[in-house]
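Residue numbering for the sequence shown follows the working numbering, starting at 57 and increasing by one per position.
Inspection log for the structure reproduced underneath, given as structure tokens.
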Amino acid sequence: AKLFFISILIDGEISAMVTTLNHDAEVKTGTPGDFFQQTLQTTVDIDVPWGISFLFGHMQYQTIHHLFPYIPSYRYENLVPVIREFCQNHGLEYRTVSMWEAHTNHKKYYYDVVRKPVVGSVLEECCHENEGRLQKKSS
């Protein structure tokens, strides 16, 4: 039972880290443009140590996943050097972060999210009311 619980915690953390880093915390762009360049700007890959990459289900290669959605995920690792070389030859940035950076970014993202009220939410209204009260008291 303990092993099952631990495996659920690890799997949940990895899934959340990959999803958060690659879908919520990336650079947002509303400008239409070149698909390849835009994909490079809005995705980032995670450099995972050999031996535990299977835990990520090949989703640490988000850039490759978005560029080539019909290629089987077990081939992504073989495409990384090809894409890196292409980017280097064309002055484009192929972004990767270490697993530790991904974990840190993931935690920072959620830390920031819980401290920022959602626009139009009850929490936001309460925050604005409290800010108004604090400003009146300090005047």
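Note that CB positions come from ideal geometry on N, CA and C, so glycine has one too.
Have a look at the options and flag the residue whose alpha-carbon is nearest the alpha-carbon of residue i.
i, options, result
"Asp103", "Phe91, Asp90, Thr119", "Thr119"
"Gln94", "Gly107, Tyr167, Cys143, Asp168", "Cys143"
"Asp67", "Ile127, Ser109, Phe91, Asp90", "Ser109"
Going by beta carbon distance, what residues of the same chain come within less than 6 Å of residue i, once the five residues before and after it are set aside?
i, result
"Thr152", "Asp101, Asp103"
"Tyr132", "His114, Tyr117, Ile120"
"Asp168", "none"
Let me check one thing: in DSSP terms, what residues is residue i bridge-paired to?
i, result
"Ile102", "Val153"
Since residue i contacts residue j with CB under 8 Å, what's their CB separation in whole angstroms?
i, j, result
"Leu111", "Ile62", "Not really, about 13 Å apart at Cβ, beyond 8 Å."
"Leu148", "Leu65", "Leu148 to Leu65, Cβ: 37 Å. No contact."
"Arg140", "Tyr130", "Their Cβ separation, rounded to whole angstroms, is 19 Å, which puts Arg140 and Tyr130 out of contact at 8 Å."
"Phe92", "Leu123", "7 Å"
CB-CB under 8 Å to residue i, same chain, minus the five flanking residues each way: which ones, in chain order?
i, result
"Arg189", "For Arg189, the predicted model reports a pLDDT of 49, less than 50, meaning its position is unreliable and no value from the coordinates is stated."
Applying the 10 Å Cβ sphere with the 16-neighbour rule, what's the burial state of residue i?
i, result
"His162", "buried"
"Ala57", "exposed"
"Thr99", "buried"
Looking only at its chain, what residues have a beta carbon closer than 7 Å to the beta carbon of residue i, apart from the 5 residues adjacent to it on each side?
i, result
"Ser154", "Asp103"
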